[in-house]
Amino acid sequence: MAEASTSRPVTDAAGKSFWFSGKGLVAGIPYLWLFVFFLVPFAIVFRISLSEPLIAQPPYSPLFGADGSYQGSFFNYQLLFEDALFRAAYLNSLWVAGISTLVTLLIGYPMAYVIARARPLVRNLLLMAVMLPFWSSFLLRVYALKTIMADTGLVNGLLLNFGLIDAPIRMLQTDFALYVGISYTYLPFMILPLYATLERLDWSLVEAAEDLGCRSWKAFLLVTLPLSVPGIIAGAMLVFIPATGEFVIPNMLGASDTLMIGRMLWDTFFSERDWTLASSLAVVLLLLLVLPIMLFQIAESRREERV
Amino acid sequence: MSDQAIIDAYSDRPWEAPGRHEPVVRLRGIVKRFGGIEAVSGVDLDIYRGEIFCLLGGSGCGKTTLLRMLAGLELPDAGSIEIDGQDVTALPPYERPVNMMFQSYALFPHMSVAANVAFGLKRDGIRGAELESRVAQALAQLELIDFANRRPHQLSGGQRQRVALARAIVKRPKLLLLDEPLGALDKRLRENAQYQLMKLADDTGITMIVVTHDQEEAMVLSTRSAVMDKGQVRQIGTPSELYERPGSRFVAAFLGNITLFDGSVAAIRDGIAELSVDGLDAPLFAAAGSVLAGSRGALAVRPEKVRIGREGEAPESQVNRLGGIVEGLAYLGDITSYRVRTDHGALVEVTRANSENAAKRDLDWDDRVEVWFSPENALLLGAD
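From first to last, the protein sequence lines are chains A and B. Mapping the first sequence onto my numbering, position 243 (from 1) lands on 290, and the numbers just tick up by one. Mapping the second sequence onto my numbering, position 323 (from 1) lands on 338, and the numbers just tick up by one.
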């Protein structure tokens, strides 16, 4: 916005202001969207987080007293930082999201690679297969996973039938099921940006590396992998960010004592009905995710400017 | 003359004494199919040390496929490839003493110019002072010292082309493959780059195989060229051989402009053939080549070998003469090009050096003219 007003005259030849010209309208839609659906809700959540809980409607104290004095405080944030349980929940969420991101990367990269290198017809079929799960409900898919991994489920049933095990392996309500669930759900978000990067990669670069003396794996390490870093970062963000706040999967597949910030948030909001603490939990989670990304992007754009 | 003297005398044209020289590259019966379609069908080639050998042809003629098979990026379905006496037919690219310059240059965008050039040397385990000096030498050879630390996208097209070349020669390959090396450069840059490439071949002694669709480029660069069509080599020769003595209509038409008269060979006397041209009463005469009397053939004559003048200006002794009308005229600076529609309906191209007619523009559109050429300057080609 600032750029538009400094780098070019505010009015064009016809005398219309930039924001009311066709260009301005088109450019304005995403800003409007972000304002209405991100900035306003965030402001509301932040405002609630500064209040104290009340048994009332709404269940939080007003920000300004009857005499107009400011009564907000960072009390809830103080509580968060002093409580070891919340700290552990944040750390565990980041950990679970990190592991899941790694798993989706390890599974998704080869898949994206194969898709990007396939013949156009096969490629479209495979891409379709990647996106097919989106056509059914997310909840339905998690339930399906539940039946597959249950003690009396498909996997245990097969293993028992073939006599490979004597008793069912417990999978549900373990971290294993949690990782399977998150990795399965978020895999397409890893594959698609990776595919987009790999598909655009100039294959002659790999041929050049081989021509200059690289075996295939070395050409991959020295050329393909470094050049697919933008796709890896994009995919990792698309998986890591929602996985950190994930609530449904840990609830349905994970152990009952799995500490994740999404569940804490749910419990605080719905069970304890403490809107103010839940809001501060959400704000901290957001900062935790947004700050590193912003720093990364600033560093990235600085690097690009240098180059 | 001693034997050695004979070898020396032939050394810059080794292909004229194949028994005395071992080719660096020997291709035998190379076939490559893509999905049932033969991209290359039965190519034999001998290429000698120090040559700049052009594979010349239109798109889809198989020249790039042939180059990629030499690099090891494609494997032939049949035939053998020998490089410097070693059978490399089944070797992967990283084990061949061959480097390639890609049409897109294929510079690694995440590496500096110096790192791009050093890439191949590092793969051979060359490190430290030797690495640095060889990279510096290659950069100096291509006037890239000032750009060593830049990334490829910060370079101009001509600079990128030189980086690609530096990267391909730094390993001192026995054979350098170049896929349309000058195709992406504009005309002015291209001329410089052509001479730079020739100088590089001379300085390093590296044998080069160049794929190009540009006949002018092949003429400038090559010691010899192979003209390719539909996966086959139609003719191999030096630029002047290909231009002056094309073996077929295809080669004749591919290199430069040429006018063709179809007809049947009436008689051959003293190496001169008499051709009754379709639709023309008087016969035309040309050097017979390998065409037999009684067969169909085509008389081919280059525009610069045809003379043009007003009616009656042709010498009385001239047997090949045709009347016509100037249908087109293009002033090209050094030459003027005329298109003459003959009375029997054929189109003849004539060029005339402007050293003669710069001041007097004596011929104009729709002028009645006569064109003529001597039989020695025309060639008879078989009907293929």
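Even glycine gets a Cβ: it sits at the ideal position worked out from N, Cα and C. What you are looking at is a predicted structure, and each value in this text was computed from that prediction instead of being measured.
{"Query": "In whole angstroms, what is the alpha-carbon distance linking proline 109 of chain A and phenylalanine 236 of chain A?", "Result": "41 Å"}
{"Query": "Would you identify the three-state DSSP class for alanine 346 of chain A, choosing helix, strand or coil?", "Result": "helix"}
{"Query": "So alanine 255 of chain A contacts chain B; which residues on that side make the cut at Cβ distance below 7 Å?", "Result": "Phe117 and Ala121"}
{"Query": "Chain A partners of proline 108 of chain B, CB-CB under 8 Å?", "Result": "Glu254, Glu257 and Asp258"}
{"Query": "When DSSP builds the beta bridges, which residues end up paired with tyrosine 120 of chain B?", "Result": "Answer by DSSP bridge pairing: none, since tyrosine 120 of chain B is not bridged."}
{"Query": "Short of 6 Å in beta carbon distance, which residues of its chain neighbour methionine 218 of chain A, apart from the five on each side in sequence? Order them along the chain.", "Result": "Met196 and Ala224"}
{"Query": "Three or more beta-carbon pairs under 8 Å between the segment 379-398 of chain B and the segment 316-325 of chain B, yes or no?", "Result": "yes"}
{"Query": "Would you report the Cα separation of threonine 274 of chain B and leucine 70 of chain B, rounded to the nearest angstrom?", "Result": "24 Å"}
{"Query": "Using a Cβ-Cβ cutoff of less than 7 Å, which residues in the same chain neighbour arginine 264 of chain B once the five nearest sequence positions on both sides are dropped?", "Result": "Leu275, Ala313, Leu396 and Asp399"}
{"Query": "Tell me the rounded alpha-carbon separation between arginine 28 of chain B and glutamate 259 of chain B.", "Result": "18 Å"}
{"Query": "Does any CB atom of chain A fall closer than 9 Å to the CB of glycine 135 of chain B?", "Result": "yes"}
{"Query": "Report the residues of the segment 211-241 of chain B with a CB closer than 9 Å to any CB of chain A, ordered along the chain.", "Result": "none"}
{"Query": "Measure from the alpha carbon of leucine 191 of chain B to the alpha carbon of each residue in B:Glu331, B:Arg182 and B:Glu158, then state which is nearest.", "Result": "B:Arg182"}
{"Query": "Once DSSP output is grouped into helix, strand and coil, what is the label at phenylalanine 300 of chain B?", "Result": "strand"}
{"Query": "Please confirm whether lysine 245 of chain B and glycine 51 of chain B have their CB atoms less than 9 Å apart.", "Result": "no"}
{"Query": "Just to confirm the assignment, what range does the alpha helix (DSSP H) spanning phenylalanine 68 of chain B have?", "Result": "Where phenylalanine 68 of chain B is concerned, there is no enclosing alpha helix (DSSP H), although the beta strand (DSSP E) it sits in stretches over 67-71."}
{"Query": "At the level of alpha carbons, what is the spacing between alanine 208 of chain B and alanine 281 of chain B?", "Result": "49 Å"}
{"Query": "Of all the options B:Gly309, B:Gly304, B:Arg284 and B:Asp285, which has the alpha carbon lying nearest to the alpha carbon of leucine 292 of chain B?", "Result": "According to the sequence shown, residue 292 of chain B is valine rather than leucine. When each option's Cα is compared against that of valine 292 of chain B, the closest is B:Gly309."}
{"Query": "Measuring only the C-alpha atoms, how far is alanine 163 of chain B from threonine 219 of chain B?", "Result": "21 Å"}
{"Query": "Just list the residues that DSSP pairs leucine 396 of chain B with in beta bridges.", "Result": "B:Ala313"}
{"Query": "With burial defined as no fewer than 16 other Cβ atoms inside 10 Å of the residue's Cβ, what is the status of serine 327 of chain A: buried or exposed?", "Result": "buried"}
{"Query": "Kindly identify the DSSP beta-bridge partner or partners of glutamate 364 of chain B.", "Result": "B:Arg354"}
{"Query": "Compare the C-alpha of phenylalanine 300 of chain B against each of B:Asn272, B:Gly271, B:Leu82 and B:Arg336 and name the closest.", "Result": "B:Arg336"}
{"Query": "Taking the alpha carbon of arginine 108 of chain B as the point to measure from, which residue in B:Ile96, B:Leu88 and B:Asp377 has its own alpha carbon closest?", "Result": "For the sequence presented, residue 108 of chain B should be read as proline rather than arginine. The shortest C-alpha separation from proline 108 of chain B is found at B:Leu88."}
{"Query": "Which residues, in order along the segment 227-251 of chain A, keep a beta-carbon less than 8 Å from a beta-carbon of chain B?", "Result": "Asp249 and Ser251"}
{"Query": "Give a yes or no on whether the minimum CB-CB distance between aspartate 265 of chain A and chain B is below 9 Å.", "Result": "In the sequence under discussion, the amino acid at residue 265 of chain A is lysine, which differs from the aspartate named in the question. Closer than 9 Å to some Cβ of chain B, the Cβ of lysine 265 of chain A qualifies, so yes."}
{"Query": "So is arginine 25 of chain A in contact with chain B if we call contact Cβ pairs under 9 Å?", "Result": "In the structure displayed, chain A extends from 48 to 354; residue 25 of chain A sits before or after that span and is not available."}
{"Query": "Take alanine 329 of chain A and list the residues in its own chain whose beta-carbon comes closer than 7 Å to its own, dropping the five residues that flank it on each side.", "Result": "Val92 and Leu312"}
{"Query": "What is the residue span of the beta strand (DSSP E) that phenylalanine 388 of chain B lies within?", "Result": "383-388"}
{"Query": "What does the alpha-carbon distance come out to for the pair leucine 236 of chain B and leucine 212 of chain B?", "Result": "8 Å"}
{"Query": "DSSP state of proline 56 of chain A, grouped into three classes?", "Result": "Here the model assigns proline 56 of chain A a pLDDT of 48, short of 50, so the residue's position is not dependable, and the following value carries that caveat. In this structure, proline 56 of chain A counts as coil in the three-state DSSP scheme."}
{"Query": "What is the rounded straight-line gap between the Cα of phenylalanine 267 of chain A and the Cα of tryptophan 250 of chain A?", "Result": "11 Å"}
{"Query": "For aspartate 139 of chain B, go through chain A and note every residue whose CB falls closer than 8 Å to its CB, in chain order.", "Result": "Gly260"}
{"Query": "Going by the beta-carbon positions, is the gap between valine 248 of chain B and leucine 82 of chain B smaller than 9 Å?", "Result": "no"}
{"Query": "Tell me whether methionine 115 of chain B is buried or exposed, calling it buried when 16 or more other Cβ atoms sit within 10 Å of its Cβ.", "Result": "buried"}
{"Query": "Rounding to the nearest angstrom, what Cα-Cα distance links glutamate 129 of chain A and aspartate 314 of chain A in this structure?", "Result": "19 Å"}
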